[in-house]
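*Asks:* Below you will find the structure I want to go over with you.
The structure is reproduced here in structure tokens:
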């Protein structure tokens, strides 16, 4: 049923009239023109559609639009602040932590959520936190390096 | 796909579709017959110039006019057009390096346009580690000729003999009077230069390279970390609708009834029939999915009796006559000179491509023209397929491949583009087809299940005296012998391509097709022979190798790994594998630990050394080696397509297990320098060793020979039981 749903999207309030049962991923991609979150599996098994919901990394293909009401959503498009990349984005560039790039937005958001919750994760904690995000190109070793480096940079107050 | 050298913009291209690759058509396409063209003297015969051979499917259709590859703007910015696509292997960076190096312009001043049949020179497809190795040479030649023509133009403009002119950073200058100079942009004013050289200048010596051969980070990284990079499913057109297509439950199933009335009553839903295809359209994907659920259909599903266990016998029973890939001596002489004979059979299961981006296409068909964005490795092939399906001339069909989210051979076939085109014409509005993950598995062109039989002999001196190699349905690539063996024969029964009546579903090229299977079988067998001869498996290989490149990569890998000789099984869990792929020599060593109780394999470390000739981008090449090693863990350890009667049992990532962060070993790569032979393949070679290096490591750890990939815990436990 079509409803007016309000939430905070990448720092700004939005209000849209949408069927609350629709998949959040498609609403973001089609109604809000944010195509950074990707469709990969439709079952929450690959992490390509990862977004931040109140700071937590979640698969947007498993959520309804109605679920977003009143929440804070961050997509990959919202990570840049005043034209400056997030530390994790910079680290991904520095380490070439991507190939085809399709999993990259989800990877970065997963890493951002991890570092927000745990600014100094151990290697095992990084592996475990990232494990639900799949990459077929095999950029894994570089993604780990990038997350570790971002963690150190954020710890030192650099960004 | 279009990428500015120094900006994040990724605008969609414009321009009419390319009719053919003739010179006249090319000029016409650029709108340059009649006006806007600089004609200096007569139109020369561009075909007369000696160039790199454009042989077979690789290059026969690639244009020779340098204008097809390069355009120099009035601002001296260079646009480089290539028919290849970017799916992660990084040619967007290495092509820009090669063009900049050969033209003497800065890397940053080069913008790339890729995979657009309306703007780019023809190409057969992005596969086979051919981009740098072959297409790169065409780009370099085009740039070298363009630079020569620019110098000739400058000589006239500056009233200076050609011999005194040099080029640097997009400027031609008189070495005796450096202030006498002119920029490339001033010479071309953005126009096509209709002038060609009598002879190509000699290639720039690699010792003078300042861009090619240096490590460059990916130039598409900024777009990809910000979400600005556009993949096919990210494209939007006004009035576009999403399609879902009715699919059979199994391969070979025949539809006997379909009822679309439920869907037809739904709001905003359009039900379409196009030939056998039944589809629904809706403005959003949820609506299309809901409509598809309201269609009911019945099918006859034949009982073929073929499943993932019976398939190997089925393959052997349906093998065609063999093609001999390589041979020497005679197998009879080999047999009689052998003291012991070792005979083994190796298997590998069907493996999926499983790119993170499912096949997608957005089609607009109107006024007798079609424009289609498609995730494909073969835009020019898709152009032909769509033209045929729509009954349009090819020049009325334009295919644009934006960034492609992984291909690995699986997007060589792109049926989704034809589906979208047919539906868009029928609907009268743009149509987006995005395959679900289930469709992606169902319609994948899997790496074929395969059987390898090896019958080999050792003579009294511990040398290989016989090598009778038979491979069924994997294919030839990678099976050719490179060891010093007096009597050998490599027989290939069937290739990896679709063969009617053989495979229960489509098969096709999977990253380094055939080679993964062949190298696995050869290396595991080599280690069994080395163990029989009582010799360290590295020493055993070196005893049979006079090829310096292969010795070079094995020795480089051994140094990095810290290999010390021991007879198999040493209990250390050390593995070894080597092969030749895409003219690149590659060797890998690994260390594993095997849990005897669970059968689980922990890969601790993988070292890979590669001689890939001249390396254009060492950073990109290293990325490809790491990616190959990581991806290769999957086919070696966990990836396998289960099926029964044409019905796929693995259709998503819950049961189809691709490598994850938690399965990651330490990875070390070594590039063995060999610039004098030109660039060789880089996107595939390092994956060919992964089955062999891990199977030999498990053998070394436990004495158990796991003869089937993937080495699942069950197969490891079974092999342990057999080994006692």
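Residue numbers (this note's numbering), protein chains in the order written: chain A, 150 to 308; chain B, 452 to 1175.
Note that CB positions come from ideal geometry on N, CA and C, so glycine has one too.
1. Leaving aside the five residues before and after residue 869 of chain B along the sequence, list all residues of the same chain whose C-beta is less than 7 Å from its C-beta, in chain order.
2. Which term fits residue 620 of chain B, buried or exposed, when burial requires 16 or more other beta carbons within 10 angstroms of its beta carbon?
3. Taking CB distances under 7 Å as the criterion, tell me whether residue 238 of chain A reaches chain B.
4. What runs of the alpha helix (DSSP H), each 4 residues or longer, lie entirely inside the segment 831-915 of chain B?
5. Under a three-way DSSP split, which group does residue 602 of chain B fall into?
6. May I ask which residues mark the beginning and end of the alpha helix (DSSP H) holding residue 769 of chain B?
7. On the DSSP bridge list, what partners appear for residue 1059 of chain B?
8. What are the boundary residues of the alpha helix (DSSP H) that includes residue 1020 of chain B?
9. What is the DSSP secondary structure of residue 650 of chain B, counted as helix, strand or coil?
10. Who are the Cβ neighbours of residue 523 of chain B in its own chain at under 7 Å, not counting the five residues just before and after it?
11. Could you tell me the boundaries of the beta strand (DSSP E) in which residue 799 of chain B lies?
12. Secondary structure at residue 485 of chain B, three-state DSSP: helix, strand or coil?
13. Answer yes or no: do residue 709 of chain B and residue 889 of chain B have a C-beta to C-beta separation smaller than 7 Å?
14. Does residue 151 of chain A have its Cβ less than 7 Å from a Cβ in chain B?
15. Report yes or no: is there a C-beta of chain B within less than 7 Å of the C-beta of residue 269 of chain A?
16. Around the Cβ of residue 967 of chain B, are there at least 16 other Cβ atoms within 10 angstroms (buried) or fewer (exposed)?
17. Would DSSP call residue 1099 of chain B helix, strand or coil?
18. Which residue wins for smallest C-alpha separation from residue 274 of chain A, given the options A:285, A:293 and A:284?
19. Counting only runs of 3+ residues fully inside the segment 154-213 of chain A, write out the beta strand (DSSP E) ranges in chain order.
20. Would you mind telling me which residues of chain B sit closer than 9 Å to residue 277 of chain A, beta carbon to beta carbon, in chain order?
21. Closest by CA to residue 239 of chain A, which one among A:301, A:181, A:174 and A:175?
22. Which residue marks the beginning of the alpha helix (DSSP H) containing residue 1170 of chain B, and which one marks its end?
23. In three-state DSSP terms, what is residue 765 of chain B?
24. In chain A, what lies closer than 7 Å to residue 680 of chain B by C-beta?
25. Find the nearest neighbour of residue 935 of chain B within the set B:900, B:951, B:773 and B:977, judged by alpha-carbon distance.
26. Check for me: the beta strand (DSSP E) holding residue 693 of chain B runs from which residue to which?
27. So the candidates are B:792, B:877, B:964 and B:911; which of them puts its Cα closest to the Cα of residue 861 of chain B?
28. Quick one: Cα of residue 1118 of chain B to Cα of residue 760 of chain B, how far?
29. Tell me the start and end of each unbroken beta strand (DSSP E) in the segment 948-1030 of chain B that is at least 3 residues and wholly inside, in chain order.
30. Please state whether DSSP places residue 627 of chain B in a helix, a strand or coil.
31. From the beta carbon of residue 806 of chain B, is the nearest beta carbon of chain A less than 7 Å away?
32. So which of B:944, B:1133, B:1054 and B:519 has the shortest CA-CA distance to residue 773 of chain B?
33. Would the beta-carbon of residue 1097 of chain B fall within 7 Å of that of residue 540 of chain B?
34. Out of B:928, B:1046, B:938 and B:948, state which residue places its alpha-carbon closest to the alpha-carbon of residue 916 of chain B.
35. I need the DSSP call for residue 806 of chain B, collapsed to helix, strand or coil.
*Replies:* In terms of the structure at hand:
1. Indexing the second chain from 1 puts residue 869 of chain B at position 418. Here the set comprises 836, 837 and 840.
2. Your numbering for residue 620 of chain B matches position 169 in the second chain. It counts as exposed.
3. Taking the first residue of the first chain as 1, we reach residue 238 of chain A at position 89. Chain B contact via Cβ: present.
4. 866-878 and 888-893
5. On the second chain, residue 602 of chain B is found 151 positions in, with the first residue counted as 1. Residue state, collapsed to three classes: helix.
6. The count along the second chain starts at 1 and reaches residue 769 of chain B at position 318. Unbroken run through residue 769 of chain B: none, as it is neither H nor E.
7. Position 608 of the second chain holds residue 1059 of chain B. B:1039 and B:1120.
8. Your numbering for residue 1020 of chain B matches position 569 in the second chain. Per DSSP, residue 1020 of chain B belongs to no alpha helix (DSSP H) and is neither H nor E.
9. Here residue 650 of chain B corresponds to residue number 199 of the second chain, with the count starting at 1. Annotated three-state conformation of residue 650 of chain B is coil, per DSSP.
10. One-based indexing of the second chain puts residue 523 of chain B at position 72. For residue 523 of chain B, where only same-chain residues beyond five positions count, the Cβ hits under 7 Å are 529, 635, 636 and 639.
11. Within the second chain, the letter at position 348 stands for residue 799 of chain B. Residue 799 of chain B -> beta strand (DSSP E) spans 791-799.
12. By 1-based counting over the second chain, the position of residue 485 of chain B is 34. Because residue 485 of chain B sits at a pLDDT of 38, beneath the cut-off of 50, its placement in the model cannot be relied upon, and the following sentence gives the value as read from the coordinates. The answer is coil: DSSP assigns residue 485 of chain B none of H, G, I, E or B.
13. Residue mapping note: residue 709 of chain B aligns to position 258 of the second chain, counting from 1. Residue mapping note: residue 889 of chain B aligns to position 438 of the second chain, counting from 1. No.
14. Within the first chain, numbered from 1, the residue matching residue 151 of chain A stands at position 2. Not an interface residue.
15. Locating residue 269 of chain A in the first chain gives position 120, where the first residue counts as 1. For residue 269 of chain A, the answer is no, since every Cβ of chain B falls outside 7 Å of its Cβ.
16. Here residue 967 of chain B is taken as the residue at index 516 of the second chain, counted from 1. Buried, because 16 or more other Cβ atoms sit within 10 Å of the Cβ of residue 967 of chain B.
17. The count along the second chain starts at 1 and reaches residue 1099 of chain B at position 648. Strand.
18. Your numbering for residue 274 of chain A matches position 125 in the first chain. Considering only alpha carbons, the answer is A:293.
19. Whole beta strand (DSSP E) segments, 3+ residues: 161-168, 199-202 and 205-208.
20. Along the first chain, read from residue 1 onward, the residue named residue 277 of chain A stands at position 128. Near residue 277 of chain A (Cβ distances below 9 Å), the residues of chain B are 1112 and 1113.
21. Reading the first chain from its first residue, position 90 is the one you call residue 239 of chain A. Minimum Cα distance to residue 239 of chain A is reached at A:301.
22. Sequence index remark: in the second chain, residue 1170 of chain B carries index 719 (1-based). Unbroken alpha helix (DSSP H) run through residue 1170 of chain B: 1164-1174.
23. Within the second chain, the letter at position 314 stands for residue 765 of chain B. Of the three classes helix, strand and coil, the one that applies to residue 765 of chain B here is helix, per DSSP.
24. Along the second chain, one-based indexing puts residue 680 of chain B at 229. Residues of chain A passing the Cβ test: 250.
25. On the second chain, position 484 is the one that residue 935 of chain B refers to. For residue 935 of chain B, the closest C-alpha among the options B:900, B:951, B:773 and B:977 is that of B:977.
26. By one-based count along the second chain, residue 693 of chain B stands at place 242. 692-696 is the span of the beta strand (DSSP E), which, as asked, contains residue 693 of chain B.
27. Translated into the one-based positions of the second chain, residue 861 of chain B becomes position 410. The shortest C-alpha separation from residue 861 of chain B is found at B:964.
28. Residue numbering aside, residue 1118 of chain B sits at position 667 when the second chain is read from its first letter. Residue numbering aside, residue 760 of chain B sits at position 309 when the second chain is read from its first letter. Taking C-alpha positions only, residue 1118 of chain B is separated from residue 760 of chain B by approximately 33 Å.
29. Within the segment 948-1030 of chain B, no complete beta strand (DSSP E) segment of 3 residues or longer occurs.
30. By 1-based counting over the second chain, the position of residue 627 of chain B is 176. Three-state DSSP puts residue 627 of chain B in coil, outside helix and strand.
31. In the second chain, counting from the first residue as 1, residue 806 of chain B sits at position 355. Yes - at least one Cβ of chain A is within 7 Å of the one on residue 806 of chain B.
32. As a position in the second chain, residue 773 of chain B is number 322, starting the count at 1. Residue 773 of chain B has its Cα closest to that of B:944, out of B:944, B:1133, B:1054 and B:519.
33. Residue mapping note: residue 1097 of chain B aligns to position 646 of the second chain, counting from 1. Residue mapping note: residue 540 of chain B aligns to position 89 of the second chain, counting from 1. Not in contact: residue 1097 of chain B and residue 540 of chain B (Cβ atoms no closer than 7 Å).
34. Locating residue 916 of chain B in the second chain gives position 465, counting from the first residue. Among B:928, B:1046, B:938 and B:948, the Cα nearest to that of residue 916 of chain B is on B:938.
35. As a working mapping, residue 806 of chain B is identified with position 355 in the second chain. The answer is coil: DSSP assigns residue 806 of chain B none of H, G, I, E or B.
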